[in-house]
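Structure, as structure tokens:
Residue numbers (the working numbering): 63 to 236.
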């Protein structure tokens, strides 16, 4: 699938980029150097611009293989990267939403707005029957995002020694 752009009201959702016109790599590097990002997003290590470039290339490849829809959450007038939101697990039939916000833009509703738009896309364009969302119980920002986006708490599990809270969203009934 080709990347789809979404107008999310105050933000613009687009593919991550690293080209002559728009380069998200410095913002990605800065975000993943942040201690809070390292704490909650531990499955990626981005230590330099090359790692950030590989991250961007990987997201493009995942779009092409229909395994993950990933969007840069961008400021609409400058295109500046404010965070990322994605729907993953599509090929496995277990769609899960995930998001992160750049440290300079936390607390402004970026993740809530972007995740809401991605979930609507998942239900409307991809016809997903439900979308999951998981996070560490100590990540109170993720808890608030899940609640604000209408996810319902369904339980918890342990994965690789980490306790996770599980949430699920279903399409609205007509």
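We put the beta carbon where it would ideally sit given N, CA and C, even for glycine.
Item                                                                                                                : Value
4-residue-minimum alpha helix (DSSP H) runs that sit fully inside the region 111-192, ordered along the chain       : 111-126 and 172-186
Reference residue 196; option with closest CA among 166, 156 and 64                                                 : 156
Of the residues 183, 154 and 94, the one placed nearest residue 145, counting alpha carbons only                    : 94
Cβ neighbour criterion (16 or more within 10 Å) applied to residue 215                                              : exposed
contact_flag[the region 115-133, the region 96-104] where n(CB pairs < 8 Å) is 3 or more                            : no
Which residues DSSP lists as bridging residue 94, in chain order                                                    : For residue 94, which the question treats as bridged, DSSP gives no partner whatsoever.
Sequence-distant residues of the same chain with beta carbon closer than 7 Å to residue 160, five excluded per side : 148 and 150
contact_flag[the region 105-124, the region 158-175] where n(CB pairs < 8 Å) is 3 or more                           : no
Beta-carbon gap between residue 230 and residue 194 smaller than 9 Å                                                : yes
Where the alpha helix (DSSP H) containing residue 218 begins and where it ends                                      : Unbroken run through residue 218 is the beta strand (DSSP E), 214-221; no alpha helix (DSSP H).
From 71, 224 and 112, residue whose alpha carbon lies closest to that of residue 80                                 : 112
Whole-angstrom distance between residue 226 and residue 208, CA atom to CA atom                                     : 13 Å
Rounded separation between residue 71 and residue 143 - CA only                                                     : 15 Å
Integer-rounded CB distance, given that residue 176 should sit under 8 Å from residue 73                            : 6 Å
Where residue 235 falls: helix, strand or coil (DSSP)                                                               : coil
The beta strand (DSSP E) enclosing residue 320, as first and last residue numbers                                   : Because the chain in this structure spans residues 63 to 236, residue 320 falls outside the shown range and cannot be described.
Anticipated Cβ contact below 8 Å, residue 67 with residue 75, distance rounded                                      : 6 Å
Neighbourhood of residue 141 by C-beta, 7 Å cutoff - its chain only, sequence neighbours within 5 removed           : 84
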